[in-house]
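J.:
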Amino acid sequence: MSKRKLPKASFNVRADLQSVIAPKALDRWRPEVRAKDDSADNIISVLDVIGRNPFTGGGITAKTIQDQLKNIGNRDVVVNINSPGGDYFEGLAIYNVLRDHSAKVTVQVLGVAASAASVVAMAGDEIRMARASFLMIHNTWVFAMGDRNALREIADWLEPFDQVSVDIYASRTGLDGKEVAKMLDRETWIGGAEAVEKGFADDFLPADAVDDKAKQSAAGAAVKAEYRIHDILARAGVPRSERRSLVAALKGGKPGAAVTDTQDAVVVREVEQLLERMKAI
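So in this note's numbering the end of the sequence shown lands on 376, straight run, no missing numbers.
Structure follows, in structure tokens:
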């Protein structure tokens with residue numbers, strides 16, 4: 096299906112909201128899974144979370160993709176994806192950038208394309224999936240705080256964005272929009288065979304195209320654990336500067352050094368347990 100038939104995503108963002116990586120997506124993500132051959136100069140790798148992470152320095156942004164497309168020029172491009180998702184609004188921006196590319200875009204889902212990454216995947220003229228790979232689609236997740244009136248306002252504000260996702264998936268697959276909306280409501284994981292059957296993908300990747308035989312690496316596990324630590328602290332309402340200090344202290348082997356009276360002891364204990372798992376790998 097030509098991406099020219101896909102809707103352009105129109106959206107605005109709110110500075111007081113932050114998108115969330117779904118815990119199940121982070122658990123299923125194996126950062127070490129990648130293409131066996133990614134040496135060509137027209138390949139774009141989306142092998143990290145969507146959106147810039149100010150703590151790890153990682154993440155994929157629309158500017159990242161724009162810069163790479165500028166270097167590639169008016170040529171066909173291959174986009175390799177293995178990502179747990181992340182910032183939904185950044186995902187929409189990346190989708191728009193790829194959708195507007197003047198040459199053919201081939202998307203290859205190597206491992207997981209979850210949440211915002213699944214929206215990015217839909218921008219391909221052709222989408223190919225590894226048989227063992229997954230798409231995950233769900234309604235937009237955000238961090239939000241406030242009283243019942245503020246939370247109602249945020250829920251109402253988010254509803255059109257879920258409809259944007261429905262429109263994109265329905266246009267790509269030909270499925271009825273109401274059916275797609277129900278899939279988003281219940282968080283749906285779609286394996287390679289089902290994705291091809293339902294129109295989320297066009298074909299399978301050759302079995303030898305993906306390097307997925309590597310065991311869970313210490314580096315990959317550490318990346319996932321650090322994202323999880325920041326997620327826990329953000330959910331607990333810990334300010335960004337304190338999150339940086341706490342994680343830095345934990346990495347330095349001094350778990351109590353950056354803990355303040357405002358932080359919940361249960362949260363800190365969970366963070367320390369995660370760090371111990373990182374060290375044990």
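By construction, the Cβ of each residue, glycine as well, lies at the ideal position given by its N, Cα and C atoms. Just so you know, these numbers come straight off a predicted model, no measurement behind them.
#1: Please classify Ser-197: does DSSP put it in a helix, a strand, or coil?
#2: Look at Ile-409 and Ser-260 and say whether their C-beta atoms are less than 8 Å apart.
#3: Using the three-state DSSP reduction, which class does Thr-235 fall into: helix, strand or coil?
#4: If we call anything under 8 Å between Cβ atoms a contact, is Asp-297 one with Glu-185?
#5: Could you check whether the region 156-164 touches the region 216-230, counting it as contact only if at least three pairs of C-beta atoms, one from each stretch, sit closer than 8 Å?
#6: Which residues bound the alpha helix (DSSP H) around Ser-260?
#7: Taking a contact to mean a Cβ-Cβ separation below 8 Å, would you say Arg-129 touches Asn-175 in this structure?
#8: How would you write the range of the beta strand (DSSP E) that Ser-140 sits in, first residue to last?
#9: Quick check: the Cα distance between Lys-273 and Leu-341, rounded to an integer number of angstroms?
#10: So who's on the other strand from Met-224, going by DSSP bridges?
#11: Am I right that Ala-218 and Leu-193 are in contact with their C-beta atoms under 8 Å? What's the rounded C-beta distance?
#12: Pick helix, strand or coil for Thr-156, following the three-state DSSP scheme.
#13: Taking the CB atoms as reference points, tell me whether Gly-206 and Ala-117 lie closer together than 8 Å.
#14: If you draw a straight line from the C-alpha of Gln-358 to the C-alpha of Val-333, how long is it?
#15: Using DSSP with H/G/I as helix, E/B as strand and the rest coil, what is Gly-181?
#16: Gly-287 lies in the alpha helix (DSSP H); which residues open and close that run?
#17: Is Thr-268 near Leu-253, with beta carbons less than 8 Å apart?
T.: Put simply:
#1: Coil.
#2: There is simply no residue 409 to check, as the chain begins at 96 and stops at 376 in what is shown.
#3: Coil.
#4: Between Asp-297 and Glu-185, the gap from beta carbon to beta carbon reaches 8 Å or more.
#5: They do not touch, by the three-pair rule.
#6: Ser-260: member of the alpha helix (DSSP H) spanning 243-268, first to last residue.
#7: Contact flag set, yes.
#8: Element bounds for Ser-140: 138-141.
#9: Lys-273 and Leu-341 have their alpha carbons spaced roughly 44 Å apart.
#10: For Met-224, which the question treats as bridged, DSSP gives the partners Val-204, Phe-299.
#11: Ala-218 to Leu-193, Cβ: 4 Å. Contact.
#12: Here Thr-156 carries a coil assignment [DSSP, helix/strand/coil].
#13: No, Cβ-Cβ distance for Gly-206 and Ala-117 is not below 8 Å.
#14: With a pLDDT of only 45 at Gln-358, under the threshold of 50, the placement of this residue in the model should not be trusted; the figure read from the coordinates follows. Their backbone Cα atoms lie some 7 Å apart in a straight line.
#15: In the three-state DSSP reduction, Gly-181 falls in the strand class (E or B).
#16: Element bounds for Gly-287: 287-293.
#17: When the beta-carbon positions are compared, Thr-268 and Leu-253 stay at least 8 Å from each other.
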